[in-house]
Structure formats: structure tokens, C-alpha cells
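In my numbering, the protein residues as written are 51 to 344.
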């Protein structure tokens with residue numbers, strides 16, 4: 051049985067238009083004007099017409115205000131008769147067998163990137179922890195080593211490894227011409243050295259990646275995001291002077307291409323600023339890409 055629950059503070063008449071005969075109405079008187087106040091107020095339950103194969107498309111509720119002595123309160127006398135709170139009759143339509151038309155076609159919840167039918171949740175904050183295997187390199191002895199020095203600048207650059215931020219990324223392009231001019235030959239590149247002019251600073255989860263490229267300049271609005279080979283991944287404590295970053299796997303340079311070297315890190319707590327020597331160029335050979343941490 052379909053039922054409607056009405057809290058009767060004022061009179062109520064429901065007009066129901068049937069779908070079979072447009073314009074037809076069913077009028078349901080719902081109030082007894084002789085009813086008096088009881089311990090439960092003037093609440094009552096009115097049965098909604100239960101007609102087989104009948105479809106109702108609209109319910110119109112008509113109210114009659116029942117004011118004390120037929121008077122309406124005003125700003126000078128707020129207890130004279132009907133007031134601003136008396137127009138609400140707290141009417142509810144209840145149907146346990148049907149679903150409202152809006153919620154029938156609209157999901158009650160939407161969960162981003164989830165398409166299943168059952169979603170487990172908790173009522174307290176959770177945190178994701180990720181386990182990483184960092185690559186530590188230990189050199190017991192060196193038989194021979196060829197060192198090629200590229201550039202001779204002395205500008206203190208703060209954006210190569212911006213350790214005063216929680217995280218950052220930078221990329222630098224070196225041409226085949228300057229690599230060859232520095233004496234580098236095709237084959238393995240096993241390490242790089244950078245010169246620091248500032249105090250000690252930590253770069254946690256430091257990653258170094260290298261790739262071949264045909265580019266002759268970099269674009270901050272269109273950085274390279276794939277095709278790199280990771281050669282270093284470990285926390286690194288930079289000190290003033292020369293810092294050698296020993297690769298856990300060598301990069302094989304083909305001897306004919308330009309290369310891009312990428313640095314990135316993520317600090318739990320920002321450290322001191324790190325200044326690394328470099329030089330200015332006529333083209334964009336280095337770009338810095340801040341990585342926001344939320």
C-alpha cells in the first residue's frame with residue numbers, strides 16, 4: 051500500500067493527475083477540521099490511492115492557512131495570528147516500493163577512477179606508503195678512468211638541483227660537438243661530476259636519467275618526458291666542491307647524437323639551497339621544472 055505521511059498544521063488537499071486520461075484528477079481530503087491537539091500533535095497518515103495499472107504523473111498540494119482568530123502577525127505584534135513559520139506544514143510523501151525519478155537515473159555516489167559495484171572505504175584518514183629499492187654503487191678500485199670536462203663557466207646556478215624545495219626536476223642538453231670537443235668517445239658514460247659552490251645540501255631520491263636526442267635546444271613548455279634511461283637512483287648529500295655521481299648502470303653514447311641529462315629529487319623536508327657552477331648560453335640548453343607536492 052502506498053502511503054503519504056502528513057504533519058497537519060494546516061489543511062491539505064492532494065490533486066492527482068492520471069496518465070491514462072490527461073486532466074483527470076483524484077481529490078483526497080486529508081484534514082479533519084474538528085481534530086484537536088493531542089500528545090502526538092496533529093500528525094496523521096493518509097493512504098495514497100493504490101489502483102492497479104494506474105500511473106500518477108503529478109501531485110499538487112493545496113493548503114489552507116488556519117490562523118488564530120483569522121489574524122496575521124505583523125512586526126508590531128509577532129504573536130497576533132499566523133506568522134512567518136506557519137506556512138510550512140511539514141508534509142512528507144513516503145513510498146517504500148518506488149524510487150524517486152531523479153535518483154532512479156542518478157547514482158547516489160560517484161567515485162573517481164572506479165567503475166566497480168562495491169567500494170571498500172574507511173571513516174578515518176589513510177596514507178599510502180611506497181617502498182623503493184635505491185641503487186647503491188660501491189667502487190673497490192679503479193684501474194683507469196677517462197675524464198672529459200664540458201664547459202668552464204663559474205655562474206652559481208640555483209635551479210640545477212633546487213634542494214630548497216621539496217621536489218624539482220631539471221634537464222640539460224649537451225651537443226655532440228661539445229661532447230666530442232671535450233674528448234668524449236662513443237661508448238659507456240659511467241659517472242658525472244658537478245661542482246658545488248654552496249654549503250652541504252641533501253637531495254633525497256635523486257634520479258639521473260639520460261637520453262639521445264636530435265634537439266639543439268630545449269623548450270620549457272614542451273619538455274621531454276619519455277625515452278630516458280635511468281642511470282642513478284639514491285639519496286645524495288652534496289658538499290662544497292666536486293661531487294661525483296657514480297651510475298649503477300652506464301649510459302651507452304652513440305657518439306653522433308646530442309644528449310639530455312635529467313635530474314629529479316623529492317625531499318621530505320626542504321634543505322639548504324644548492325648552487326652549482328654553470329655558464330650562460332645563447333640558446334636554451336637547460337630548463338627547470340618544479341614538481342608541486344601536495
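For each residue, glycine too, the CB sits at the ideal point set by N, CA and C.
For residue i, three-class secondary structure by DSSP
i	result
residue 54	Residue placement at residue 54 cannot be trusted, given a pLDDT of 34 that sits under 50; the coordinates are not used to answer.
residue 118	helix
residue 110	strand
residue 325	coil
residue 181	coil
residue 316	strand
residue 229	helix
residue 259	strand
residue 173	coil
residue 244	strand
residue 333	coil
residue 342	In this prediction, residue 342 has a pLDDT of 46, which is less than 50 and means its spatial position is unreliable; nothing more can be read from the coordinates.
residue 164	coil
residue 280	strand
Candidates the options, of which the one nearest residue i by Cα
i	options	result
residue 200	222, 183, 209	222
residue 105	74, 252, 179, 178	74
residue 337	237, 207, 238	207
residue 101	76, 270, 334	76
residue 291	244, 268, 334	244
residue 98	271, 122, 78, 209	78
residue 262	124, 219, 277, 80	277
residue 273	334, 196, 317, 178	334
residue 118	126, 125, 133	133
residue 293	178, 209, 327	327
residue 310	317, 228, 332	228
residue 360	80, 166, 125	No information on residue 360 is available, as it lies outside the stretch 51 to 344 that the chain covers here.
Beta carbon of residue i nearer than 8 Å to that of residue j
i	j	result
residue 260	residue 230	no
residue 247	residue 325	yes
residue 36	residue 217	Any answer about residue 36 is impossible in this case: the structure gives the chain only from 51 up to 344.
residue 121	residue 130	yes
residue 225	residue 308	yes
residue 258	residue 289	no
residue 233	residue 329	no
residue 211	residue 313	yes
residue 219	residue 339	yes
residue 242	residue 197	no
Opposing strand residues paired with residue i [DSSP bridges]
i	result
residue 253	286
residue 220	313, 338
residue 293	244
With a threshold of 8 Å, are at least 3 pairs of Cβ atoms found where one atom belongs to the region 247-267 and the other to the region 309-326?
yes
Could you tell me whether the region 177-185 touches the region 279-290, where touching means 3 or more Cβ pairs closer than 8 Å?
yes
If you pair each beta-carbon of the region 288-306 with each one of the region 235-251, do three or more pairs fall below 8 Å?
yes
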